[in-house]
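First the structure, in the form of structure tokens, and then the observations on it.
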Amino acid sequence: MRIIRICKSRCVASVIAASLLFCSTGCKEEFESTSPSTLSQTEVFDATPLALQALNGVYVRLSSGNLYGKKLSYYLSLNSDTECISGDTDNGRRAIARYVATPYNTELKSVWESLYIAIREANNFIEGVNGSKLLSSSNDDRTTILGYKGEALTIRALLYYELVRSWGDVPFIIDSNSDYTSKTNRKEILDHILRDITEAIELLPASSSSPSRISKDVARSLGARIALYRAGFHMTDDHKSAPSDRNDYIEMAKDWCKEVIDGGRYALESDYEQIFRKIMSYKNSDEIIFEIAMSKGNSGELGYFVGKKHADGSPYGSSECGVLVPASHFHKYNHFDVRRDVSLSVTQYEGSGKEKVVSPNNISIGKFRREWLVPVITGKQKYSGVDLPVIRYADVLLMYAECETELSQTATSEAKEALKKVRSRAFSGAPDSVLTVVMDKYLAGIRDYEGMTKAIRNERAFEFTAEMIRKFDLKRWGVLQQTLDSCKSDLHKILVSEAPFNDIPDKLVWYVDDDNEHVKIATTDNYRFDPTFDFTRTVKTTKWKTAITEDFINRMCEAMDETPYDLPIPEE
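Counting from 1 along the sequence shown, just add 175 to a position and that's the residue number in this note's numbering.
What follows is the structure, encoded as structure tokens:
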């Protein structure tokens with residue numbers, strides 16, 4: 176049996192020191208703290224203010240560039256049919272995204288080690304609360320510190336979920352003393368953390384001070400996501416069959432989703448674009464259930480690594496644009512779906528401050544575009560400090576629809592209603608004649624389990640582009656391999672003008688508008704033309720349909736045989 180060494184974590188006082196460093200350089204108010212330089216375990220957990228500082232240190236670890244600040248949230252969540260990594264293949268992040276990573280990949284190792292360090296800090300915190308004198312008190316301090324424990328239990332559950340969905344069977348450590356351990360079966364791990372979440376829900380407050388703090392509904396929402404993964408095809412060795420106890424976990428997920436929905440604390444934004452404008456403006460949205468707090472100037476690369484390309488000299492600052500979107504996904508959106516031109520961008524900024532149209536190999540993420548940052552961050556500063564959205568209310572609605580469909584094995588009115596709530600926003604502003612087709616007829620045409628399942632899966636693809644959910648949806652549905660193959664096939668069809676992509680224009684016709692910044696494009700799909708486009712003006716053209724390259728297609732997945740579902744465990 177292979178034994179795996181896991182790095183030891185720091186003491187609780189060091190965790191507090193980490194939160195101090197983070198907060199001294201610009202964290203949000205909910206993570207601010209002051210602390211003595213040396214504290215004993217007893218001192219920390221026998222006083223709620225100090226315990227809160229220790230908990231803040233656990234939260235702060237999540238914003239690390241190795242975790243949700245960049246690598247965990249993006250390197251390990253690519254590639255899929257809705258997002259892919261940019262650039263030439265290497266032995267680092269691109270090898271991970273293209274399914275050819277080796278155990279000696281240093282990027283993989285840094286994520287692995289950071290996950291276990293964060294887990295050990297959560298373990299330290301949970302053990303500290305369990306030994307606290309406050310548990311025997313009868314005042315509000317007992318309720319408060321147990322609530323903190325609920326937050327730490329949920330954080331630990333989230334981190335183990337990340338490990339399982341990327342690596343499968345991994346070492347499972349729930350105390351602070353272990354140094355070496357063998358792997359534990361993924362089902363056992365998920366079962367344990369689902370029990371932890373059940374306990375956490377009882378301990379947590381009903382609401383929190385911000386979406387970056389864990390409450391009952393955050394735990395329920397994350398628990399539903401984990402339960403659906405436990406019910407999925409990644410739990411079996413061949414990834415082609417469901418676990419025998421599948422329905423037990425779907426019931427669990429459905430119950431938690433329903434509790435969030437019935438609680439009424441969250442709502443869909445009426446305007447899809449406003450979700451992401453609020454995120455990029457450091458504002459809260461009623462739709463965001465949970466997000467990871469970042470620190471401006473220190474963490475969070477939304478708008479830099481993820482977002483439109485901005486060349487050096489752009490008035491909005493420069494950006495890398497490390498995540499792209501396959502052109503096949505762009506062309507699968509209905510041309511009246513407002514989510515397409517919010518989620519995706521076919522333009523980038525030049526150093527002159529003007530937009531230009533890009534090739535289909537360079538379609539980028541539009542949700543987190545740098546020009547939406549308020550206030551603007553100029554220059555080469557990559558750490559925007561924008562919080563990373565983890566789960567939205569739309570996800571809870573679609574998970575509920577999925578659970579309802581799986582348990583009933585048909586298309587129920589409850590599932591259709593949840594789907595309708597999400598889909599109707601996507602076509603807000605469309606003409607009545609269009610709404611009749613994309614809403615009324617579309618929903619009426621969903622009559623059975625197969626139709627409802629397809630509709631939910633498609634809706635998730637269109638709704639959550641660039642939110643790094645898709646790859647793991649495909650894994651739990653057992654369709655990762657066939658979806659990547661289909662994506663590559665669709666890109667080939669675009670290249671050779673084969674149906675259903677035969678009506679895509681050969682070139683995009685465009686010009687820079689009168690504001691001397693933004694572009695106007697005549698059409699991107701030969702179906703819907705911009706009625707304000709002035710064809711009498713001098714225009715530019717960008718090669719479109721036939722500009723897709725074989726290199727881009729092949730880089731969607733470079734595994735020679737079957738696509739590996741699990742990443743290799745890092746080695747020295």
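Note that beta-carbon positions come from the ideal geometry of N, C-alpha and C, so glycine has one too.
When you compare the region 724–732 with the region 662–669, are there three or more beta-carbon pairs, one atom per stretch, that lie closer than 8 Å? yes
#### Entry: Start-to-end residues for the beta strand (DSSP E) that takes in L666
Careful: L666 lies outside any beta strand (DSSP E), inside the alpha helix (DSSP H) at L655 to L670.
Review point. Of the choices L321, A601 and A375, whose alpha-carbon is the least far from that of L333?
Key: A375
>> Given this structure, state the Cα-to-Cα distance separating G538 from C732, to the nearest angstrom.
In response: In the sequence as displayed, the identity of residue 538 is Ile instead of Gly. One C-alpha to the other measures close to 18 Å.
### Message
A641 and F543 - do their beta-carbons sit closer together than 8 Å?
### Response
Closer than 8 Å, so yes.
- Message: Please report the straight-line C-alpha distance between G240 and V286, rounded to a whole angstrom.
- Response: 9 Å
Next on the checklist: Please give the ranges of any alpha helix (DSSP H) in the region 458–531, keeping only runs that are unbroken, at least 4 residues long and fully inside the region.
Outcome noted: 502–507 and 513–518
Quiz item: Do you know whose CA, among S248, V513, V694 and R545, lies nearest V597's CA?
Solution: Residue V513 is the option with its Cα nearest to V597.
- Message: Less than 8 Å between the C-beta atoms of D392 and R440, yes or no?
- Response: yes
*Validate contact between the region 690–709 and the region 526–537 using beta carbons, cut 8 Å, 3 pairs*: yes
Item to complete: Run the CB neighbour count on R268, radius 10 Å, all protein chains shown included, and call it buried at 16 or more, exposed below.
Response: buried
**Prompt:** Where DSSP assigns a beta bridge to I566, which residues make up the other side?
**Reply:** Beta-bridge pairing by DSSP links I566 to F465.
Q | For P745: DSSP bridge partner residues | A | P745 is not bridged to any residue.
Alpha helix (DSSP H) containing T716: first to last residue? Unbroken run through T716 is the beta strand (DSSP E), K715 to K718; no alpha helix (DSSP H).
What residues match up with S539 in a beta bridge as DSSP calls it?
Per DSSP, L499 and S520.
Roughly how many angstroms lie between the CA atoms of T713 and D705, to the nearest whole one?
If you take the alpha carbons of T713 and D705, they lie about 16 Å apart.
>> Please classify S212 as buried or exposed, where buried requires at least 16 other C-beta atoms within 10 Å of its C-beta.
In response: Confidence at S212 is low in this model, with a pLDDT of 47, below 50, so the placement of that residue is unreliable and no value is reported for it.
| query | Can you round the beta-carbon distance between I425 and E581 to whole angstroms, since I take them to be within the 8 Å contact cut? | reply | Your pair I425 and E581 checks out as a contact, with CB atoms roughly 5 Å apart and the cut at 8 Å.
task: Check the C-beta distance from L563 over to I631 and give it rounded, since I have them as a contact under 8 Å.
output: Their Cβ separation, rounded to whole angstroms, is 24 Å, which puts L563 and I631 out of contact at 8 Å.
Run of the alpha helix (DSSP H) containing L594, from where it starts to where it stops: Start and end: S588 to A601.
Cut-off 6 Å between Cβ atoms - residues of its own chain near I696, not counting five sequence neighbours on either side
L683 and W685
How many whole angstroms separate the CB atoms of R405 and K362, which I take to be in contact at a CB cut-off of 8 Å? 7 Å
Would F505 and R703 qualify as a contact pair, given that the criterion is a beta-carbon distance under 8 Å?
Result no, Cβ atoms of F505 and R703 do not sit closer than 8 Å.
Spatial distance of P739 from A276 (CA atoms):
10 Å
Q) Of all the options G343, A402 and E377, which has the alpha carbon lying nearest to the alpha carbon of D413? A) G343
Checklist entry - Residue range of the alpha helix (DSSP H) that W652 falls in? => result Start and end: R645 to W652.
*asked:* Mapping the DSSP letters down to three states, classify L242 as helix, strand or coil.
replied: Note: L242 maps to coil in three-state DSSP.
Buried or exposed, going by whether 16 or more other CB atoms sit within 10 Å of the CB of L237? When all chains shown are included, L237 counts as buried.
> Residue range of the beta strand (DSSP E) that I696 falls in?
Replying inline: Here the beta strand (DSSP E) through I696 covers V694 to I696.
_Do S390 and V571 have their beta-carbon atoms positioned less than 8 Å apart in this structure?_
No. Outside cutoff.
Q) In this structure, what does DSSP give as the bridge partners for C732? A) Paired residues: none, contrary to the question.
> In terms of residues, what are the limits of the alpha helix (DSSP H) holding V275?
Replying inline: For V275, there is no enclosing alpha helix (DSSP H), as DSSP marks it with neither H nor E.
> In terms of alpha-carbon separation, which member of P278, E592, Y274 and Y575 lies closest to I744?
Replying inline: P278
When DSSP labels each residue in this structure, what does Y250 get in the three-state scheme? helix
- prompt: Pairing CB atoms from the region 463–481 with CB atoms from the region 492–499, are three or more of them under 8 Å?
  reply: yes
Item to complete: Excluding the 5 residues preceding and the 5 following A442 in the sequence, name in chain order all residues of the same chain whose CB lies nearer than 6 Å to its CB.
Response: D461
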